[in-house]
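Numbering (my numbering), first residue to last: 1 to 395.
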């Protein structure tokens, strides 16, 4: 067996194993999680393995036509500064780029052979083949693609060096948030009546709502009801930092289910609606494997009666799903029209622009209503939409 062949096999096995150990973590996607199936511990973003290395296969077992010396199971003499690539707080659907420095702390040059992010949401600059001189350093830049869901996004970037069979693992993270931030970004609620194994958790509690820029704002409603404000009103009110009490029983829907998202309505034009994901057996959506969305909700923001907004709906695996042919609102206040769509040939993701129009005469207020999406392959997918219907001409 040729040395080059063994090298390719080793890289493939190393990074293939690494990919199974850590991936993207998204605390606000709205898709089914283990927590939705009755887990009692609050699930957060998928943790990135914290050892900083990934163990390779037993290279001593590799043999060939001649006895070859395979890279030892050691880490390369490379330090990552800072130790975590922190993209910081960014808005939904915004790309962000950050970097770390790879420092060679040895007296010998070190060659990068492969750089691999743990998920498709992250891209890196081409450093394969780059040599870091002795005691030198290089910059590794990474870009997080636009993310539609609020919450924490965790991923990892693995760097393989020539002559070493352990990879350097770089933890990367970002917090996706609107100008008005909510904590926690999800509510993990478990109902013992459904699971039969634990007491109810987090069916009621508190939510912190604050503006990132410190500007004052008002909370108009929570799921269309009068908000129960614990802090942020009265003589000591700052107007930019609130604590709200919630009780999911207040928001039980006519069909006996809880909403997938608890939505807070504010008077800020740049953050009229901010949502909290509700993880509960009676809020879990029914997913269609033939209709995979990039975002399982439609936050339409604020629209005046008779007004409209363009909202983008993303679909994965467009070759299988086909075009988005129709969007129907069951709430009686919205009309939807698919006005354009295109497919990215590299990712096979479809992006459809849909015009949502609030019908004339619709009373002002908050609306949480179902949408039905229909594809040309005759697949159907239901998602929630929410909208604040207000006269946008007044400040």
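Even glycine gets a Cβ: it sits at the ideal position worked out from N, Cα and C.
Quick caveat, the model's predicted, so the values are computed rather than measured.
Environment of residue i [buried if 16+ CB atoms lie within 10 Å]
i	result
residue 283	buried
residue 253	exposed
residue 333	buried
residue 216	exposed
residue 375	buried
residue 188	buried
residue 406	A question about residue 406 goes unanswered here, because the residues of the chain that appear run from 1 up to 395.
residue 342	exposed
residue 76	buried
residue 8	At residue 8 the pLDDT is 43, less than 50, meaning the model places this residue with poor confidence; the figure from the coordinates comes in the next sentence. Flag for residue 8 reads exposed.
residue 225	exposed
residue 67	Unreliable placement is indicated for residue 67, whose pLDDT of 44 sits below 50; the coordinate value is still reported in the next sentence. Exposed, since its Cβ has fewer than 16 Cβ neighbours within 10 Å.
residue 118	buried
residue 84	exposed
residue 391	exposed
residue 37	For residue 37, the predicted structure reports a pLDDT of 43, less than 50, and the residue's modelled location is therefore unreliable. A value from the coordinates is still provided. That one is exposed.
residue 197	Only weak support is given to the placement of residue 197: the predicted model assigns it a pLDDT of 48, under 50, and the value that follows is read from those uncertain coordinates. It is exposed - the Cβ of residue 197 has fewer than 16 other Cβ atoms within 10 Å.
residue 380	exposed
residue 120	exposed
residue 319	exposed
residue 387	buried
residue 204	exposed
residue 81	exposed
residue 250	exposed
residue 347	exposed
residue 393	exposed
residue 95	exposed
Assumed close pair residue i, residue j - CB separation to whole angstroms, cut-off 8 Å
i	j	result
residue 311	residue 294	The pair is not a contact, with the Cβ atoms about 12 Å apart (cut-off 8 Å).
residue 164	residue 259	The pair is not a contact, with the Cβ atoms about 50 Å apart (cut-off 8 Å).
residue 99	residue 140	6 Å
residue 385	residue 298	4 Å
residue 136	residue 186	With 8 Å as the limit, residue 136 and residue 186 do not qualify as a contact, their Cβ atoms being about 43 Å apart.
residue 148	residue 92	6 Å
residue 377	residue 286	Going by Cβ atoms, the distance from residue 377 to residue 286 rounds to 18 Å, so no, they are not a contact pair.
residue 134	residue 108	6 Å
residue 272	residue 244	Actually they do not touch by this definition, with Cβ atoms about 16 Å apart.
residue 276	residue 261	7 Å
residue 157	residue 142	6 Å
residue 264	residue 176	Not confirmed; about 16 Å, so no contact.
residue 246	residue 222	7 Å
residue 174	residue 88	7 Å
residue 308	residue 356	6 Å
For residue i, the residue or residues it bridges with in DSSP
i	result
residue 230	DSSP output for residue 230 lists no bridge partner at all.
residue 184	None, per the DSSP bridge assignment.
residue 368	386
residue 250	For residue 250, which the question treats as bridged, DSSP gives no partner whatsoever.
residue 302	388
residue 374	326, 380
residue 204	247
residue 210	181, 241
residue 225	222
Host alpha helix (DSSP H) of residue i (start-end)
i	result
residue 318	318–321
Boundaries of the beta strand (DSSP E) in which residue i is found, first to last residue
i	result
residue 311	308–315
residue 355	349–358
residue 88	84–90
residue 258	It is not in any beta strand (DSSP E) - residue 258 carries neither H nor E in the DSSP assignment.
residue 289	From DSSP, residue 289 is part of no beta strand (DSSP E); its letter is neither H nor E.
residue 81	78–81
residue 241	241–247
residue 117	110–117
residue 101	96–104
residue 338	334–344
residue 326	324–329
residue 215	Per DSSP, residue 215 belongs to no beta strand (DSSP E) and is neither H nor E.
residue 139	137–144
residue 277	273–279
residue 124	122–124
Residue i beta carbon near the ligand COA (any heavy atom closer than 6 Å)
i	result
residue 239	Only the bare structure without any ligand can be found here, which leaves the ligand COA out of the picture.
Entirely within the segment 153–181 and at least 3 residues each: give me those beta strand (DSSP E) ranges in chain order. Runs of the beta strand (DSSP E) inside the segment 153–181: 168–176.
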